[in-house]
Each structure stands twice: as C-alpha cells, then as structure tokens.
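A quick write-up on the structure given underneath.
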Amino acid sequence: MKITIVALICILFGKVTFAQQDLLSFDEHNKYIYYQVADVPGLSVDTLHTRGINFLKAYYPKIKLKPVADGKNIAAEGKFLSYGGTSVLKHEKGEVTFTLNIEFKDQKYRFWLTDFVFTPYQRDRYGNFVPQQGIDIPLENAASKFEKKDVDAYLDETGAFCKQFGDRLKQFILNVPKKEEVVKKVVTDKW
Amino acid sequence: MNKKLLLLIFAVSAFCLSSQAQDTIKTTGDAPLVLSGSVDTYFKTDFSGHGNIPTSFANENSSISIGMIDLGLKKSVGKASFVGELSFGPRGQEQSLPDGSNKADPIYTPGVSSYHIQNLYVSYNVTDKFNLTGGYMSTFIGYEVISPAANFNYSTSYLFTNGPFQNAGFKATYTFSDKVSLMAGIFNDYWNTYQSLGGRVNTFGAQLTVTPVKNWTAYLNVAAGPQSGTEFDLTTAYQITTAFKLGLNYADFSAPTGLSGGFSGVALYPQLAVSKVVTLGLRGEYFTTKTGTWTTTAGPAPGDSVTGLTATANIKTGPLTLIPEIRLDNSSKNTMFTDGGGLPTSSATQFVLAAVYAF
C-alpha cells in the first residue's frame with residue numbers, strides 16, 4: 254500500500270519537475286537568452302552561412318532577415334504563437350517575438366535568440382484571437398503583468414521553441430539525410 | 276531491497292515520462308481546433324425600483340440573472356478556415372438574435388430564427404494579403420459587441436443597441452500594408468437575420484482600417500441598403516501606454532427607404548489599468564434620435580437626446596472577471612424614464628454586478 258501511494262506521488266510530481274523554461278538563461282543585460290555554440294568539423298564559413306540562410310527559408314519562411322554589416326552572419330526577427338499550456342482544448346493565448354543572431358566561423362557557428370516580448374491575444378467579434386494592440390510585455394517583466402501559472406507556461410513554450418529551433422538548425426547544417434522508412438511489402442506469389 | 280528497487284524504478288519512470296511529455300509541446304504545424312467562449316451572470320438594480328434604461332442586455336431588474344453560454348469553434352488548415360459560434364440564454368437568444376421560438380420577441384417573425392448562431396462563416400486566404408469570407412457574421416459596425424468577454428462595460432451603449440448585430444453576406448478584404456486594409460462586401464437586405472427577408476442581397480458594406488501610429492487603429496465603416504438604411508461609423512482605439520487606453524465611437528444612421536429620420540451619437544471610452552488585476556473605465560455617450568418617422572429600437576423619441584455616463588471596473592482573476600458598474604442616463608425631455616412613483620423623469624440610475632468567465 255505504501256509503495257502504491259509513493260509510486261502515485263512520483264508519477265504525479267514527475268509531470269511538473271522538468272520545465273522547458275530551464276533552457277533559457279539570463280545574459281549580461283538580465284534578458285532571457287537561448288545561446289548555443291556548435292562545432293562543425295570540415296565546413297567552411299561560407300558553406301555554413303549558405304546553409305544557415307537556406308535553413309531559415311525552408312523552416313521559418315516568415316522570419317524577417319535584417320541587414321548585417323558583414324555578409325558572414327545572420328540577424329533576424331521572428332515570432333511564434335503561444336497556446337499557454339497543454340490543455341486539450343486550447344487557443345492562442347498570445348505571440349512571442351524574438352531576435353535571432355547566427356554567427357559563423359570556419360568549422361563552427363553560434364546562435365542566440367533573445368529579446369522575447371509577449372503580446373497577449375483576445376477574441377474579436379468574429380471569433381478569432383488577435384493581438385491586443387499596445388500590450389507588449391518583455392518576458393523578463395511578465396510576472397508583474399500575468400499570473401505565475403501563465404508566465405511559467407509562456408517561458409516553457411519559449412524554451413521549447415528555442416530547443417526545437419536549435420535542433421533543426423543543427424540537423425540542417427550537418428545535412429543529415431532523413432532516414433528512409435522501410436516499407437514492408439508482402440510477397441503474394443510464393444506461399 | 277525489492278521494495279526499494281521498485282520505488283526507484285517508479286521515480287525514474289516518472290522523470291522520464293515528464294521530460295517526454297514536455298518535449299511534445301508543439302510549436303509549429305497546423306493550428307489546433309479552437310474551442311473558446313464565455314458564460315456570464317449578473318445582478319442589476321435600477322434605483323427607481325423598476326427597469327428604466329432600455330439598452331441591450333442586463334434587462335432583468337432586482338434579479339440575479341443570466342446572460343448566456345457562448346461557445347465558439349474555429350479551425351484553420353492551410354488557407355481555409357471556419358468559425359462557428361453558438362449562444363444559449365437570454366443574451367445569446369432573443370436579446371441578440373432573431374429567435375423563432377420566442378413569440379414575445381419584439382422582432383419575432385414566424386419561421387425566422389438564427390438557430391442560436393452568432394457566427395457561422397468560412398474564410399479563404401487567396402494570398403497573404405487577400406481574404407474572402409462568406410456566411411453569417413458579427414457586424415463590422417460599432418465599438419461594442421455581443422460577447423461580454425469582449426466588452427469592457429457590462430451594459431451597452433445606445434449606439435450598439437440601435438445598430439446592427441449581425442450581417443449575413445460575402446466580403447473581400449485586402450491588406451495593403453500593416454497600416455492600411457480595405458474590406459468591401461455585399462450583405463442581405465436586413466440586419467441580424469441569417470436569411471434575406473425580401474429575396475435581396477442589396478446592402479453594401481465597407482470598412483477601411485488604418486493604423487496611423489503604432490497601437491492606434493481606426494475603422495471607418497459604412498453599411499448602406501434600401502431596407503437596412505445607411506450607417507456611417509467611426510470606431511477607434513488607442514493604447515496610449517500599456518496602462519491607458521482611449522476608445523471612441525461615432526455613428527450616424529439614416530432610416531431605410533420609405534422612412535425618415537435615424538440616429539447619431541458619439542461615445543468615449545477611457546480605461547486605466549491601475550494594477551495587474553484591476554482596470555477602471557468610463558463610458559460617456561451622447562445619443563440623439565433624429566426627427567422623422569423612424570423610431571429607435573431603444574432610446575429617446577424622435578427629436579430627443581440622451582446622455583449616459585457609466586463607470587465600470589474589471590477585476591480579473593485568471594479567466595474570471597468581476598464587473599461592478601454604475602450608470603447614470605439623463606434625457607433631454609422628461610419622458611424617457613419613470614421614477615419610483617411611476618412619474619416621468621429625465622434621469623435613471625442603475626447598478627450592475629456581473630461575473631464573466633471566458634475560456
């Protein structure tokens with residue numbers, strides 16, 4: 254009986270122990286940042302830059318590229334929708350905008366996403382969820398505007414988005430081919 | 276030893292399950308099926324002891340009463356989407372929709388019902404800038420709406436009450452830039468019913484949306500037709516700071532063919548967020564019924580006017596908003612309201628306490 258109770262407690266607490274927001278750090282300006290450095294042996298800076306641009310065009314076509322002084326790096330702005338949790342029936346709670354920087358050197362690159370700003374959504378007269386104009390809250394200040402449960406959910410989603418971005422970027426740059434699925438076939442002429 | 280091993284296995288499994296669950300937070304892909312809506316309930320009392328102020332909703336006096344259950348569904352796949360919204364309850368039936376089951380409804384017409392439907396339309400993004408939408412939709416005219424979750428004040432203005440609630444039709448919207456877009460469409464002959472009553476689709480509607488500066492949006496609207504009349508409307512809201520918002524609604528309506536008169540009015544909506552939980556707002560409205568044969572749905576007699584001042588608070592805790600509100604209306608003539616003794620008077624005051632749960 255004791256084991257059963259403890260086991261149930263473990264399962265329940267397991268769901269809340271690991272949060273995606275732990276993927277985010279604070280930079281020297283106390284802003285949330287997702288920062289990664291990756292080594293890519295054998296690839297030149299030009300190849301890495303080209304693959305970086307192609308990656309954004311393929312996976313994040315709505316990201317807006319910003320001009321950069323040198324031609325070797327990438328600066329951009331983007332956004333993603335926040336659904337504010339894992340409820341089965343959910344709607345857009347808001348959007349998170351961010352700035353992206355990717356810098357390349359021979360055989361390595363680094364990228365970071367920062368300047369996360371949350372804009373809450375509200376339902377309009379047509380049943381659509383649209384941004385509330387003028388309510389742009391940096392995630393660092395979100396706790397002063399929203400409840401803790403909601404802030405944690407927004408940070409979790411931001412962390413998850415950044416991790417997914419980084420994983421996809423790494424896979425694309427390494428040009429890892431997709432595993433071909435083996436289609437099982439049935440041979441009917443011999444039986 | 277076996278028991279300890281079992282406990283360890285459970286603990287490790289719990290952590291593994293949680294990390295896998297978190298990894299499945301979707302951040303891209305098709306939008307999910309969206310279910311949203313609200314429920315609302317209220318208490319209203321007029322200081323005269325009986326109902327006086329005739330604007331929409333919160334009609335029952337000295338009663339704890341209900342508004343509606345509002346349920347909206349939306350799904351988008353690629354360029355196509357649909358929205359369906361149902362409502363049940365006084366606010367969501369005879370107070371906002373033609374209700375074929377309610378013979379006491381002032382606009383009851385045998386066989387005419389909107390089947391509890393507030394919105395039912397399909398939409399297609401031909402390009403990122405060009406959209407086509409058709410069906411039965413909440414009107415594009417005016418500042419206030421039917422859903423209590425989308426209004427700041429619980430009671431409604433005379434401009435809202437006397438304007439359209441829904442328009443059934445087909446519209447095209449082109450977005451020139453993030454500062455300018457234009458909608459134009461054709462709609463059924465009468466407001467509010469999902470079907471045309473005379474076999475005509477002859478109301479023209481248009482909306483010019485401009486964003487002069489960041490956080491300030493203005494809508495210039497027109498709806499014109501022989502049976503529906505002609506309404507020009509300006510609706511604008513400026514979020515001046517994250518705490519302070521100023522809204523404005525101006526409208527001028529001319530009666531349909533065969534009638535004379537109409538109405539005009541202006542309402543101002545300043546709102547101030549004083550904390551994370553509390554926002555205070557005022558609505559100041561001036562409404563006049565033009566001289567002529569057309570009479571208002573609810574308002575002063577032709578040639579008369581009314582001024583309304585409403586003070587409202589929104590106290591939010593999660594999805595629940597508590598709305599205490601006090602309203603004072605003053606008419607130009609001594610004929611619009613009655614006092615506690617049943618004698619004509621020019622002013623009326625009411626208090627409302629409402630609760631709205633939005634999801």
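Chains as they are written, first to last, in our numbering: chain A, 254 to 444; chain B, 276 to 634. Cβ coordinates follow ideal geometry from the N, Cα and C atoms, glycine included. Source: prediction; values computed, not measured.
Mind checking whether residue i and residue j have CB atoms under 8 angstroms apart?
i                         : j                            : result
alanine 395 of chain A    : valine 404 of chain A        : yes
glycine 540 of chain B    : threonine 563 of chain B     : yes
glycine 567 of chain B    : leucine 534 of chain B       : yes
serine 621 of chain B     : lysine 608 of chain B        : yes
leucine 407 of chain B    : alanine 447 of chain B       : yes
glutamine 350 of chain B  : leucine 395 of chain B       : For clarity, residue 350 of chain B is lysine in the given sequence; the question names glutamine instead. Contact flag unset, no.
isoleucine 590 of chain B : valine 631 of chain B        : no
isoleucine 635 of chain B : serine 331 of chain B        : Residue 635 of chain B is absent from the model: chain B starts at 276 and stops at 634.
asparagine 437 of chain B : glycine 574 of chain B       : yes
arginine 376 of chain A   : phenylalanine 369 of chain A : no
asparagine 336 of chain B : aspartate 315 of chain B     : no
asparagine 442 of chain B : glycine 480 of chain B       : yes
alanine 329 of chain A    : lysine 423 of chain A        : no
leucine 547 of chain B    : glycine 559 of chain B       : no
tryptophan 569 of chain B : glycine 536 of chain B       : yes
histidine 282 of chain A  : serine 311 of chain B        : no
threonine 511 of chain B  : glycine 504 of chain B       : no
isoleucine 461 of chain B : phenylalanine 445 of chain B : yes
leucine 584 of chain B    : leucine 555 of chain B       : no
leucine 366 of chain A    : phenylalanine 308 of chain A : no
asparagine 581 of chain B : serine 606 of chain B        : Reading the sequence as shown, one finds valine at residue 581 of chain B and not asparagine. A contact, by the Cβ cut-off of 8 angstroms.
leucine 301 of chain A    : tyrosine 379 of chain A      : no
serine 398 of chain B     : serine 356 of chain B        : yes
arginine 421 of chain A   : tyrosine 312 of chain A      : yes
valine 293 of chain A     : isoleucine 426 of chain A    : yes
alanine 524 of chain B    : tyrosine 433 of chain B      : The sequence given here has asparagine at residue 524 of chain B, not alanine. Taking 8 angstroms as the Cβ cut-off, asparagine 524 of chain B and tyrosine 433 of chain B do not qualify as a contacting pair.
tyrosine 374 of chain A   : glutamine 385 of chain A     : yes
Since residue i and residue j are thought to touch, with beta carbons under 8 angstroms apart, how far apart are those beta carbons, to the nearest angstrom?
i                            : j                        : result
isoleucine 601 of chain B    : glutamate 506 of chain B : The Cβ separation is near 30 angstroms, so there is no contact.
glutamate 410 of chain A     : serine 335 of chain A    : 5 angstroms
serine 430 of chain B        : alanine 333 of chain B   : 5 angstroms
glycine 347 of chain A       : threonine 372 of chain A : 5 angstroms
glycine 342 of chain B       : proline 423 of chain B   : 6 angstroms
alanine 663 of chain B       : threonine 478 of chain B : This structure cannot speak to residue 663 of chain B, because chain B is shown only from 276 to 634.
phenylalanine 538 of chain B : lysine 520 of chain B    : At roughly 26 angstroms, the Cβ-Cβ gap does not stay under 8 angstroms, so phenylalanine 538 of chain B and lysine 520 of chain B are not in contact.
phenylalanine 364 of chain A : valine 349 of chain A    : With 8 angstroms as the limit, phenylalanine 364 of chain A and valine 349 of chain A do not qualify as a contact, their Cβ atoms being about 17 angstroms apart.
alanine 633 of chain B       : serine 313 of chain B    : 4 angstroms
tyrosine 494 of chain B      : glutamine 502 of chain B : The pair is not a contact, with the Cβ atoms about 24 angstroms apart (cut-off 8 angstroms).
cysteine 415 of chain A      : leucine 276 of chain A   : 6 angstroms
Less than 7 angstroms between the CB of residue i and some heavy atom of the ligand GTP, yes or no?
i                            : result
phenylalanine 279 of chain A : Among the components modelled here there is no ligand, and therefore nothing to report on the ligand GTP.
Inset, instruction - Using a Cβ-Cβ cut-off of less than 8 angstroms, list which residues of the stretch 368-389 of chain A approach chain B; keep chain order. - result: Cβ contacts with chain B: Gln375, Arg376, Asp377, Arg378, Tyr379, Gly380, Asn381, Phe382, Gln385, Gln386, Gly387, Ile388, Asp389.
Legend entry - Unbroken stretches of the alpha helix (DSSP H), 4 residues or longer, contained in the stretch 386-462 of chain B: 433-437, all fully within the stretch 386-462 of chain B.
Legend entry - Inter-stretch contact at 8 angstroms, needing at least 3 Cβ pairs: the stretch 608-619 of chain B / the stretch 353-364 of chain A: Here the stretch 608-619 of chain B makes no contact with the stretch 353-364 of chain A; the two share fewer than three CB pairs at distances below 8 angstroms.
Legend entry - the stretch 383-403 of chain A touching the stretch 358-370 of chain B, judged by at least three CB pairs closer than 8 angstroms: Between the stretch 383-403 of chain A and the stretch 358-370 of chain B, the count of Cβ pairs shorter than 8 angstroms is below three; the stretches do not touch.
Inset, instruction - Name, going along the chain, the residues of the stretch 397-424 of chain A whose beta-carbon falls closer than 7 angstroms to a beta-carbon of chain B. - result: When CB distances to chain B are screened at a threshold of 7 angstroms, the residues of the stretch 397-424 of chain A falling below it are Ser397, Lys398, Glu400, Asp409, Glu410, Ala413, Phe414, Gln417, in chain order.
Legend entry - Uninterrupted beta strand (DSSP E) stretches inside the stretch 275-331 of chain A (no shorter than 3 residues): Within the stretch 275-331 of chain A, the complete beta strand (DSSP E) runs of at least 3 residues are 285-292, 317-319.
Legend entry - Contact residues within the stretch 314-337 of chain A, judged by C-beta distance below 7 angstroms to chain B: Only those residues of the stretch 314-337 of chain A whose C-beta falls short of 7 angstroms from the nearest C-beta of chain B are listed: Phe333.
Inset, instruction - Please confirm if the stretch 343-353 of chain A is in contact with the stretch 394-402 of chain B, defined as three or more CB-CB distances below 8 angstroms between the two stretches. - result: No: the two stretches stay apart, fewer than three of their Cβ pairs being nearer than 8 angstroms.
Legend entry - chain A contacts made by the stretch 320-354 of chain B, where a contact means CB separation under 9 angstroms: The stretch 320-354 of chain B vs chain A, Cβ under 9 angstroms: Gly347, Leu348, Lys349.
Inset, instruction - Flag this pair as touching only if the stretch 485-494 of chain B and the stretch 459-475 of chain B have three or more C-beta atom pairs under 8 angstroms; answer yes or no. - result: With a cut-off of 8 angstroms, the stretch 459-475 of chain B and the stretch 485-494 of chain B do not count as touching, because too few Cβ pairs lie within range.
Inset, instruction - Could you run through the stretch 342-357 of chain A and flag, in chain order, every residue whose CB is less than 9 angstroms away from some CB of chain B? - result: Under the 9 angstroms Cβ criterion, the stretch 342-357 of chain A contributes Leu342, Lys343, His344, Glu345.
Legend entry - Residues in the stretch 588-600 of chain B having any Cβ partner in chain A nearer than 9 angstroms: Listed in chain order, the positions of the stretch 588-600 of chain B with a beta carbon within less than 9 angstroms of a beta carbon of chain A are Thr592, Gly593.
Legend entry - Contact list for the stretch 404-418 of chain B against chain A, Cβ threshold 7 angstroms: Look at the stretch 404-418 of chain B: the residues with a C-beta under 7 angstroms from a C-beta of chain A are Met412, Ser413.
Legend entry - Contained beta strand (DSSP E) runs [length at least 3] in the stretch 327-359 of chain B, N- to C-terminal order: Correct list: 338-352.
Inset, instruction - Give, in chain order, every residue of the stretch 451-462 of chain B whose Cβ lies closer than 7 angstroms to some Cβ of chain A. - result: Within the stretch 451-462 of chain B, no residue qualifies.
Inset, instruction - Select from the stretch 359-372 of chain B all residues with a C-beta closer than 9 angstroms to any C-beta belonging to chain A, and list them in chain order. - result: Taken in chain order, the members of the stretch 359-372 of chain B whose beta-carbon sits within less than 9 angstroms of a beta-carbon on chain A are Gly359, Glu360.
Inset, instruction - Ignoring anything shorter than 4 residues or poking outside the stretch 457-542 of chain B, list the alpha helix (DSSP H) runs there in chain order. - result: Assignment of alpha helix (DSSP H) within the stretch 457-542 of chain B, counting only whole runs of 4 or more residues, yields no such run.
Legend entry - Interface positions of the stretch 553-587 of chain B facing chain A (Cβ-Cβ less than 9 angstroms), listed along the chain: Residues passing the 9 angstroms Cβ filter: none.
Inset, instruction - Could you run through the stretch 502-518 of chain B and flag, in chain order, every residue whose CB is less than 9 angstroms away from some CB of chain A? - result: Cβ contacts with chain A come from Ala512, Tyr513, Gln514, Ile515, Thr516, Thr517.
Legend entry - Runs of beta strand (DSSP E) wholly within the stretch 342-392 of chain A (minimum 3 residues, chain order): Restricting attention to beta strand (DSSP E) runs no shorter than 3 residues, the stretch 342-392 of chain A encloses them at 347-358, 361-376, 382-384, ordered along the chain.
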